[in-house]
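Have a look at the structure below, then the notes.
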Amino acid sequence: MTVDTNSLDMHRHETDAGVLVPGIGAPSTVACLRSLRPRGIPTVVASETAETPAASSTYCDDVVRVPDPRADLQAYGDALLEVANRPDVRTIIPVREEDVYVLANRKDAFAEVVETNWPDFETLRRVQDRVELFAAADAAGVAVPETAVFDQWDDWERETIVKPRYTVAAPAYLGSNTDVESIGSTEYQIPGAPPDPQALVEERGHMPLVQERIDDSREFAFFALYDEGEPVATFQHCQRRGWKYCGGPSAYRETVYDQDLEDAGRAILDELEWHGLAMVEFLRDEADEKYKLMEINPRFWSSLPFSVRAGADFPYYYWQQALGEPVEDDASYEVGIGGHLLRGELSHVHSVLTEEYPMVERPSLTSTLANVATSLVREPRFDYAVADDPAPFFQDGLNLLRAFRDSRSDPEPGVEGETDHERSRSNELPQLEPLARDEDEAEPPSPTSQGITQTSPQLDD
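Here the sequence shown is numbered in UniProt numbering, starting from 1 and rising by one per residue.
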């Protein structure tokens, strides 16, 4: 009797082979489950918290607890590798910076047990180290805002941003002996108020970057799946509203297509000879009408549910590529449609009601409510809220309520040196951030005594 091994392999792919997705607070994990499980692909969620919305999804087959990567990156990598050894796991989908760092840094070990559809570590480093990223952009002819390492910047009379050099606090970047768990936040600096360099380095564990501020809060993003330097699928959107009226993570975004954006996104990824997922973030500088590269997120983005709803089913493309199958991308998506993160819309309205940012004019509450309401009616697409899988939406709401309750019942004591304004902010509504800071874009700024602080893009759009 002759056994068709190819047929057996295909049968195993259809019935046994599954995917491991880290469970985070952003909607990207849930989007992966909703895309893959209906196709018969088993799903395993690995998370440091039981409250991840993905754990409550109809499309989640199993949940595994793992260490918090921001507390112990080595232990987290060990745990992922252990889960990857399961016979029902065929590949892993990275959804945050720590995920792709661990996977790339230990790619050889993971390659022994799963399909490794992500870049090698040297390529990843050129993205997670912004100095190397901007050098690659220069070589590719892609515009970037004027940027320098902090100790090389001397023009503090301009509106600037102080931001981390790296996108993840990891030994390969900060050194093996560092005890820094966070690379710090991004600070929008008011002209004439340079920060203390020694304090910055002590807090962050490295010398950060200074960058000119682009006066436009709209973020344009080019999304892609690459296969060994070649684009397989691409997508574009423009953020129309952030979590705050000054910007921040995406609350409402619309699909777009701009050849200049396509060219810029492809140019930098081609220069990197990229492999795997990428979200390439740009701001458009009206001064010279150029897209300026801000960063690349080398994993899934939190607005992924919107990409899928618009017709770009990246989780399935990723799965097909990982298994060496032809990617079923029809190279089209509907331009001009929109989608919302409802928690983000709530945060946006709250910012108009209660917050003030010196560098950005606050819109009227009336116009804000009208814009939000109109877009909700015209573009009823939501990252979490869907009829066939409602539980993640309610879990996300519970997480928000817990954050609000905790902020009210256990406020942090005032810190010596705080201004009255800073202390008063402890009684405001919390930032409505997802679990474990899982957004792509940085959170919007809040005033400080020296500048305007903005959480680093550790969240995972």
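We put the beta carbon where it would ideally sit given N, CA and C, even for glycine.
Owing to the predicted nature of the structure, the values given are computational and were not obtained by experimental measurement.
Inset, instruction - Could you have a look at Ala370 and say whether DSSP puts it in helix, strand or coil? - result: Here residue 370 refers to the residue found at position 370 when the sequence shown is read from its first residue. Three-state result, Ala370: helix.
Legend entry - Rounded C-alpha distance that separates Ser185 from Asp215: Position 185 of the sequence shown, counted from the start, is the residue given in the question as residue 185. Position 215 of the sequence shown, counted from the start, is the residue given in the question as residue 215. If you take the alpha carbons of Ser185 and Asp215, they lie about 19 Å apart.
Legend entry - Extent of the continuous alpha helix (DSSP H) run through Arg266: Here residue 266 refers to the residue found at position 266 when the sequence shown is read from its first residue. For Arg266, the enclosing alpha helix (DSSP H) begins and ends at Gln259 to Leu272.
Legend entry - Beta-carbon proximity list for Glu203, same chain, < 6 Å, skipping 5 on both sides: The residue labelled residue 203 in the question sits at position 203 within the sequence shown. Answer for Glu203: Gly184, listed in chain order.
Legend entry - Host beta strand (DSSP E) of Trp118 (start-end): The residue labelled residue 118 in the question sits at position 118 within the sequence shown. For Trp118, there is no enclosing beta strand (DSSP E), since its DSSP letter is neither H nor E.
Legend entry - Cβ pair Phe220, Tyr291 closer than 8 Å: Sequence index remark: in the sequence shown, residue 220 carries index 220 (1-based). Sequence index remark: in the sequence shown, residue 291 carries index 291 (1-based). Yes.
Inset, instruction - Taking only the alpha-carbon atoms, compute the straight-line gap between Glu289 and Thr167 and give it to the nearest angstrom. - result: Position 289 of the sequence shown holds residue 289. Position 167 of the sequence shown holds residue 167. Roughly 27 Å separates the two Cα atoms.
Inset, instruction - Please name the residue in Pro305, Glu51 and Thr374 whose C-alpha comes closest to that of Ala31. - result: Counting from 1 along the sequence shown, the entry for residue 31 is found at position 31. Among Pro305, Glu51 and Thr374, the Cα nearest to that of Ala31 is on Pro305.
Legend entry - Between the CA atoms of Ser364 and His348 - distance to the nearest angstrom: Counted from its first residue, the sequence shown places residue 348 at position 348. Counted from its first residue, the sequence shown places residue 364 at position 364. Approximately 12 Å between the Cα atoms of the pair.
Legend entry - Buried or exposed by the 16-neighbour rule on C-beta atoms within 10 Å, applied to Pro38: Looking up residue 38 in the sequence shown gives position 38. That one is exposed.
Legend entry - Cβ-based burial, Ala136 [other Cβ within 10 Å; buried from 16]: Residue numbering aside, residue 136 sits at position 136 when the sequence shown is read from its first letter. Ala136 is buried by the Cβ-count criterion.
Inset, instruction - Measure the alpha-carbon distance for Thr58 versus Asp389 and round it to whole angstroms. - result: As a first step, residue 58 is located in the sequence shown; it is residue number 58 there, counting from the start. As a first step, residue 389 is located in the sequence shown; it is residue number 389 there, counting from the start. Their Cα atoms are separated by approximately 6 Å.
Inset, instruction - Under 6 Å Cβ to Cβ from Val142, same chain only, skipping five residues before and after it: list those, please. - result: Here residue 142 refers to the residue found at position 142 when the sequence shown is read from its first residue. Cβ within range, chain order: Ala264, Ala267, Ile268 and Leu293.
Legend entry - Neighbour-count burial assignment, Leu398, 16 or more Cβ in a 10 Å radius: Walking along the sequence shown from the start, residue 398 turns up at place 398. It counts as exposed.
Legend entry - Complete runs of the beta strand (DSSP E) confined to the region 289-327 [at least 3 residues]: 290-297
Inset, instruction - Could you tell me whether the region 141-160 touches the region 112-119, where touching means 3 or more Cβ pairs closer than 8 Å? - result: Verdict: no, contact absent.
Inset, instruction - On a CA-only basis, which of Leu341, Gln259 and Phe314 is nearest Glu328? Give me that one, please. - result: By 1-based counting over the sequence shown, the position of residue 328 is 328. Of the candidates Leu341, Gln259 and Phe314, the one whose C-alpha sits nearest the C-alpha of Glu328 is Phe314.
Legend entry - Inter-residue spacing [alpha-carbon to alpha-carbon] between Ser28 and Pro53: Within the sequence shown, the letter at position 28 stands for residue 28. Within the sequence shown, the letter at position 53 stands for residue 53. Near 10 Å, if we compare the C-alpha coordinates of Pro53 and Ser28.
Inset, instruction - Measure the C-alpha to C-alpha separation of Ile337 and Asp258 and round it to an integer number of angstroms. - result: As a first step, residue 337 must be located in the sequence shown, where it is residue number 337. As a first step, residue 258 must be located in the sequence shown, where it is residue number 258. Asp258 has its alpha-carbon roughly 15 Å from the corresponding atom of Ile337.
Legend entry - Top-ranked residue by Cα proximity to Leu200, from Lys163, Thr43 and Arg218: In the sequence shown, residue 200 corresponds to position 200, counting from 1. Answer by Cα proximity: Lys163.
Legend entry - Of the listed residues Val308, Phe121, Leu283 and Gln395, nearest to Glu146 (C-alpha basis): Taking the sequence shown and counting its residues from 1, the one referred to as residue 146 is at position 146. For Glu146, the nearest C-alpha among the options comes from Leu283.
Inset, instruction - Over the uninterrupted beta strand (DSSP E) stretch that includes Leu209, give me the two end residues. - result: The residue labelled residue 209 in the question sits at position 209 within the sequence shown. For Leu209, the enclosing beta strand (DSSP E) covers residues Leu209 to Glu212.
Inset, instruction - Examine the Cβ distances between the region 231-247 and the region 378-385 and report whether three or more of them are shorter than 8 Å. - result: The answer is no - the region 378-385 does not touch the region 231-247, with fewer than three Cβ pairs under 8 Å.
Inset, instruction - Measure the C-alpha to C-alpha separation of Pro380 and Tyr101 and round it to an integer number of angstroms. - result: On the sequence shown, residue 380 is found 380 positions in, with the first residue counted as 1. On the sequence shown, residue 101 is found 101 positions in, with the first residue counted as 1. Rounded to the nearest angstrom, the two C-alpha atoms are 35 Å apart.
Legend entry - Burial state of Gly229, where buried means 16 or more other Cβ atoms lie within 10 Å: For the purposes of this step, residue 229 is taken as residue 229 along the sequence shown, with counting starting at 1. Exposed, since its Cβ has fewer than 16 Cβ neighbours within 10 Å.
Inset, instruction - Would you kindly work out how many angstroms separate the C-alpha atoms of Pro194 and Asp129, rounded to a whole number? - result: For the purposes of this step, residue 194 is taken as the residue at position 194 of the sequence shown. For the purposes of this step, residue 129 is taken as the residue at position 129 of the sequence shown. Answer to the nearest angstrom: the Cα atoms are 23 Å apart.
Legend entry - Residue span of the alpha helix (DSSP H) that contains Phe134, given as start and end: Taking the first residue of the sequence shown as position 1, residue 134 is located at position 134. Residues Arg130 to Ala140.
Legend entry - Cutoff 7 Å; reference Gln321; Cβ partners in own chain excluding five residues on either side: Here residue 321 refers to the residue found at position 321 of the sequence shown. For Gln321, where only same-chain residues beyond five positions count, the Cβ hits under 7 Å are Asn117, Leu225, Asp227, Val232 and Val327.
Inset, instruction - Classify Ala79 as buried or exposed, calling it buried when 16 or more other Cβ atoms lie within 10 Å of its own Cβ. - result: Translated into positions along the sequence shown, residue 79 becomes position 79. Per the 10 Å Cβ criterion, buried.
Inset, instruction - Whole angstroms is fine: what's the gap from Glu97's alpha carbon to Arg299's? - result: Position 97 of the sequence shown, counted from the first residue, corresponds to residue 97. Position 299 of the sequence shown, counted from the first residue, corresponds to residue 299. When only Cα atoms are considered, Glu97 and Arg299 end up about 7 Å apart.
Inset, instruction - Verify whether the separation of the beta carbon atoms of Tyr318 and Ile93 is less than 8 Å. - result: As a working mapping, residue 318 is identified with position 318 in the sequence shown. As a working mapping, residue 93 is identified with position 93 in the sequence shown. Taking the C-beta atoms as reference points, Ile93 is found nearer than 8 Å to Tyr318.
Legend entry - Reduced DSSP category for Ser57 - H, G, I as helix; E, B as strand; rest coil: Here residue 57 refers to the residue found at position 57 when the sequence shown is read from its first residue. Looking at Ser57 - three-state DSSP - the assignment turns out to be coil, as it is neither helix nor strand.
Inset, instruction - Sort out for me which residues DSSP pairs Tyr245 with in a bridge. - result: Start at 1 with the first residue of the sequence shown, and residue 245 comes out as number 245. The partner list for Tyr245 (beta bridge, DSSP) is empty, contrary to what the question assumes.
Inset, instruction - Could you work out which residue in Leu174, Pro67, Pro191 and Val372 is closest to Thr160 when comparing CA atoms only? - result: Locating residue 160 in the sequence shown gives position 160, where the first residue counts as 1. It is Pro191.
Inset, instruction - Compute the minimum distance between the beta carbon of Gly141 and the heavy atoms of the ligand NAD, and state whether it is under 7 Å. - result: Of the ligands one can find in the structure shown there are none, so the ligand NAD has no counterpart to examine.
Legend entry - Residues near Arg362 in its chain [Cβ-Cβ closer than 7 Å; skip 5 each side]: Your numbering for residue 362 matches position 362 in the sequence shown. Tyr245, Val352 and Glu356, listed in sequence order.
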